[in-house]
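Reading through the structure tokens given below for one structure.
There are 2 protein chains.
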Amino acid sequence: MAAYATATRGLQQLLVLSALGLLVTGTPRPPNIVLLLMDDMGWGDLGVYGEPSRETPNLDQMALEGMLFPNFYSANPLCSPSRAALLTGRLPIRNGFYTSNGHARNAYTPQEIMGGIPNSEHLLPELLKKAGYTNKIVGKWHLGHRPQFHPLKHGFDEWFGSPNCHFGPYDNKVKPNIPVYRDWEMVGRFYEEFPINLKTGEANLTQLYLQEALDFIRTQHARQSPFFLYWAIDATHAPVYASRPFLGTSHRGRYGDAVREIDDSVGKILSLLQNLGISKNTFVFFTSDNGAALISAPKEGGSNGPFLCGKQTTFEGGMREPAIAWWPGHIAAGQVSHQLGSIMDLFTTSLSVAGLKPPSDRIIDGLDLLPTMLQGHVMDRPIFYYRGNTLMAVTLGQYKAHFWTWTNSWEEFRQGIDFCPGQNVSGVTTHTQEEHTELPLIFHLGRDPGERFPLSFASAEYQDVLSRITQVVQQHQKSLVPGQPQLNVCNQAVMLTKVKIIVLGGK
Amino acid sequence: MAAYATATRGLQQLLVLSALGLLVTGTPRPPNIVLLLMDDMGWGDLGVYGEPSRETPNLDQMALEGMLFPNFYSANPLCSPSRAALLTGRLPIRNGFYTSNGHARNAYTPQEIMGGIPNSEHLLPELLKKAGYTNKIVGKWHLGHRPQFHPLKHGFDEWFGSPNCHFGPYDNKVKPNIPVYRDWEMVGRFYEEFPINLKTGEANLTQLYLQEALDFIRTQHARQSPFFLYWAIDATHAPVYASRPFLGTSHRGRYGDAVREIDDSVGKILSLLQNLGISKNTFVFFTSDNGAALISAPKEGGSNGPFLCGKQTTFEGGMREPAIAWWPGHIAAGQVSHQLGSIMDLFTTSLSVAGLKPPSDRIIDGLDLLPTMLQGHVMDRPIFYYRGNTLMAVTLGQYKAHFWTWTNSWEEFRQGIDFCPGQNVSGVTTHTQEEHTELPLIFHLGRDPGERFPLSFASAEYQDVLSRITQVVQQHQKSLVPGQPQLNVCNQAVMLTKVKIIVLGGK
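Chains as they are written, first to last, in the numbering used here: chain G, 1 to 507; chain U, 1001 to 1507.
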């Protein structure tokens, strides 16, 4: 560790030089950072996590060469808040990516939403940019589509992708198809200039996104600039798609075709880093924004392995994610860490890789995982599971306490929208909101990863865990100052004319 | 393959020499065979199959050095029939390990049963013995407890273990505790001379079984005798147990402690083979007798990963098993095969390893998997899922057709016996026997390994699969001559005095 600390200090000095434009050719640069963020990919979708068809040889190899995290979590079971959390290192309840106009209501950024990432938030690319990094986002932004929320206003130097999900199309003038941007310029729309064939599932978007990644890496390498690549692709979000060479090649249908193309692409990105000789100077992390969307299964939804339910829920299937860290020469090969990890840790850890400290003027939820990755340290920390502004559950060590449980409303459920198909744990996967704040349901996730057997309220184990978790929750709530909610979905007429901000009172 | 064929012919000649006692010191011997058979261990219990706690480093390493089978099946969702199938290479309906006195009734060998493995069956050790092998069974026999069924009457040279499961104890004269044998001699009983502490879970049985295995391997190596070790241990069958050094060491509770001790033991067995320099001359296969017993979860039952239900059922969770082949220098490292495999293949494959052919006077269901293991061949073959004398389901390629579905009776279920806790697929995991013989429920196991989304009856895919599966089933049933049922459980007074044989008429 002493050697690493020295190296880090050396890097910090270099970064100062770099920021001043003094970095000369041939001088070692601070490590590059590549975050590979999947869309609706589930914990169980990778061979290394037990997917029976085992069609992810490149990702499995990445895990063999790096560190696998079986206990890694998103910050929300939905895409926008999870992505906002990654880039700010903060819970959505702090950074504003939630709603206050419905209890336990998940929030995202539909095309009509007026909100987005507040200027007051410090995003990872902003901080890295100040330290001399060149930053690119490829794929889905999802932090607001109005001009003030544009990624190039929040620290990115380049963008190829879209502000919203690729579902649609909306063929009318009020709701036009989702735009695709190259930097500041709108270069087309999904289903038009960027076709997605809903019938066959064919689209070459992953190939475009791959090419963008490879070109960016080559260019920055040639420029000798440290770089941050945020590769936020979306082929595994319904409607799932793959390019022609991958269509029909999977044992798992179209969803599997998309996974195979992604796996192939990740392999090509890692190979390029190796071929350019910069793999030892590039920190790479692979994860997903939330659990697999079982509402789209089996044809367009993935797998959450042995876990309960999926996307939209605060059960393990909704928020436990595949996660692999790769940094040859730094992270020893073939490790598994049971550190409870969070997508928010990618903010703090990336800063640490760059030799930077997180902002000190606000609460940052993300931890620096470098001591875990480099030295195998395991830190005690809670995982908070929110839906909207409601703290649904907390995991501490092996125990998870549910303060509220539900999946979706009876109304939705009766329409066939099922977040837990084939799964039904009595009193847990309910269609009314069940309050357990006085006596939370507690599960031992080691013995019971599927959240099927709550501990007996009368057991000593329950009492012990409850007292420890209660302390953690009280401490969390005492210091919590909710941000202004950005994602309240209101009357559409209002939404299209002004942002309706509702300040959430302290609880 | 030519080289292998030549080698095989060479081995066959050697075996003839060996059988004639002409094998001289220093001459290469035919490969040893080690079958590691677990009890109620589920597909999802190994790290390499995605168990989140990842506490099986030795088994995961075994897979990395060998071939992993994600699509490997037992021959029955219960222990006795599955074990009879392994040792005979034949479906339980053929070898008699079924009942005819209840529709879709699983059968096993309780302490009171009069039946057992018929003399007319040719067991693997009998065939290997004729070819010069020395054979040992360590652990659970479960093919009948009366004298004529003793393992040493069916080809084994040595035995340390018991004829029945270790649950109990029965502290009365009519039902004494289960005996433990060394060869012909009863050397004690479970809970007496071989203690199992039901309160703490402590028992040193796995250590005894490990020592038996290591001693046998060392002795046969010193004798230069080819050997067959059938290591049929039972620590993961409720009541699960572990020895003191492993108790409390798992993230998964007592069940995980048992798994950790087994993993450690497998590591020691493979290490010994390597240290003795005979790993390249020893074929090793690891699997389990049926799916994890979810009735005993979460404290004493394992995991079936993403699959539906568990032991006792003909859903994937009841019959899909962990399976790893290991034979350094022969089976290339790090392979995954999607061959549909069966526990019955271990009969035929073991014979093939020894250079022998299976009996030609009867139908053998097991295939020779050596072409799969050595050359990556994938053969088309069905998997039949029986409960008792009822063909419940068939898998062909990626498709599984259910002709009958049910889990257990309402009566049992209302008493709290649940084979599918937290899982409920409407019309599938039923508590009445549902007949679908005219219009089977068909699942695509690649897209839907959890058997949650039956294909639409109206789809072209359904019609195509139905016609192919119907042919396979008709062919199977046309040639089927059921064996005499050995496991009819009747009036106890009758059972204790004579075997009641009911010959099953053709359907």
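Think of the CB as a built atom: it goes at the ideal place given N, C-alpha and C, for glycine as much as any other residue.
Remember, it's a predicted structure, so these values are computed and weren't measured experimentally.
CA nearest to the CA of residue i, picked from the options
i       : options                            : result
G:R105  : G:W404, G:Q474, G:T282             : G:W404
G:Y255  : G:H402, G:A242, G:S265, G:A232     : G:A242
G:G510  : G:F443, G:S456, G:L208             : Examination of residue 510 of chain G is not possible in this model, given that chain G is present from 1 through 507 alone.
G:G201  : G:G50, G:K130, G:G450, G:A235      : G:A235
U:Q1061 : G:L374, G:Q335, G:F228             : G:Q335
G:Q433  : G:W43, G:H103, G:L35, G:I93        : G:H103
U:F1227 : U:T1282, U:I1363, U:R1182          : U:T1282
U:T1437 : U:F1413, U:T1407, U:V1394          : U:V1394
U:G1301 : G:L356, G:P449, G:K280             : G:P449
U:L1445 : G:F443, G:I343, G:S250             : G:S250
G:L198  : G:H150, G:G44, G:D418, G:H237      : G:H237
U:A1232 : U:M1186, U:Q1111, U:L1143, U:G1248 : U:L1143
G:P151  : G:D264, G:L229, G:Q224             : G:L229
U:R1387 : U:S1100, U:N1424, U:P1440, U:G1248 : U:S1100
G:W159  : G:I178, G:W184, G:N177             : G:W184
G:L308  : G:V34, G:F419, G:R94               : G:F419
U:S1082 : U:S1337, U:S1342, U:R1468, U:P1031 : U:S1342
G:N71   : G:T407, G:T430, G:T372, G:V425     : G:T372
Pair within 8 Å by beta-carbon distance, residue i and residue j
i       : j       : result
U:A1323 : U:I1331 : no
G:D508  : G:A292  : Any property of residue 508 of chain G remains undetermined from this structure, which presents chain G solely from 1 to 507.
G:N304  : G:G42   : yes
G:T349  : G:D380  : no
U:F1097 : U:S1080 : yes
U:R1321 : U:S1288 : The sequence given here places Glu at residue 1321 of chain U; Arg does not occur at that position. In this structure, U:S1288 lies closer than 8 Å to U:E1321 by Cβ.
U:E1451 : U:V1428 : yes
G:S265  : G:I363  : no
U:Y1170 : U:P1163 : no
G:F347  : G:T88   : yes
Backbone secondary structure at residue i - three-state DSSP
i       : result
U:L1035 : strand
G:E321  : strand
U:L1487 : coil
U:V1024 : Residue placement at U:V1024 is poorly supported in this model, since its pLDDT is 43, which falls under 50; the coordinates still yield a value, given next. Correct three-state label for U:V1024: coil.
G:G10   : Because G:G10 sits at a pLDDT of 46, beneath the cut-off of 50, its placement in the model cannot be relied upon, and the following sentence gives the value as read from the coordinates. Looking at G:G10 - three-state DSSP - the assignment turns out to be helix.
G:S18   : Reliability of the predicted coordinates at G:S18 is poor, the pLDDT of 42 falling under 50, and no value is obtained from them.
G:A222  : helix
U:K1130 : helix
U:V1481 : coil
U:V1266 : helix
U:K1280 : helix
G:R387  : strand
Chain U contact residues for residue i, given Cβ-Cβ distances below 9 Å
i      : result
G:P239 : Ordered by position in chain U, no residue passes the 9 Å Cβ test against G:P239, which lies about 16 Å from the chain.
Within chain G, partners of residue i - CB distance below 9 Å
i       : result
U:R1054 : L68, P70, V336, H338
U:Y1049 : G50, P52
U:Y1194 : Rather than Tyr, the amino acid found at residue 1194 of chain U in this sequence is Phe. In chain order: nothing, as chain G lies at least about 27 Å away.
U:R1189 : What U:R1189 touches in chain G: nothing, since even the nearest Cβ is about 30 Å away.
Closer than 7 Å at the beta carbon, the chain G residues around residue i
i       : result
U:V1425 : G422
U:S1342 : Per Cβ cutoff of 7 Å: no residues; U:S1342 is ~16 Å from chain G at best.
U:G1089 : Those within 7 Å of U:G1089 in chain G number zero; the least Cβ separation is about 25 Å.
U:G1450 : G422
U:S1265 : None at all; the shortest Cβ gap to chain G is about 21 Å.
U:G1305 : G50, G305, P306
U:G1044 : G50, P306
Residue i: contacting residues in chain G (beta-carbon distance under 8 Å)
i       : result
U:F1453 : A297, P298, P421
Interface partners of residue i on chain U, CB under 7 Å
i      : result
G:R447 : R1252, G1253, P1298, K1299
Any non-hydrogen atom of the ligand ZN closer than 7 Å to residue i Cβ
i     : result
G:L46 : This structure simply doesn't include the ligand ZN, nor any ligand for that matter.
Worksheet item: When you check each C-beta in the segment 1227 to 1256 of chain U against every C-beta of chain G, which residues fall closer than 9 Å?
Response: S1250, H1251, R1252, G1253, R1254, Y1255, G1256
Practice prompt. Please name the residues in the segment 278 to 301 of chain G whose beta-carbon is closer than 8 Å to at least one beta-carbon of chain U, in chain order.
Written response: A297, P298, K299
Practice prompt. Scan the segment 1101 to 1113 of chain U for residues whose Cβ lies nearer than 9 Å to a Cβ of chain G and list them as they occur along the chain.
Written response: none
Worksheet item: Quick one, which residues of the segment 390 to 403 of chain G are near chain U if we go by CB-CB under 7 Å, in chain order?
Response: Q398
Discussion item. At a CB distance below 7 Å, what residues from the segment 1353 to 1382 of chain U approach chain G? Give them in sequence order.
Written reply: none
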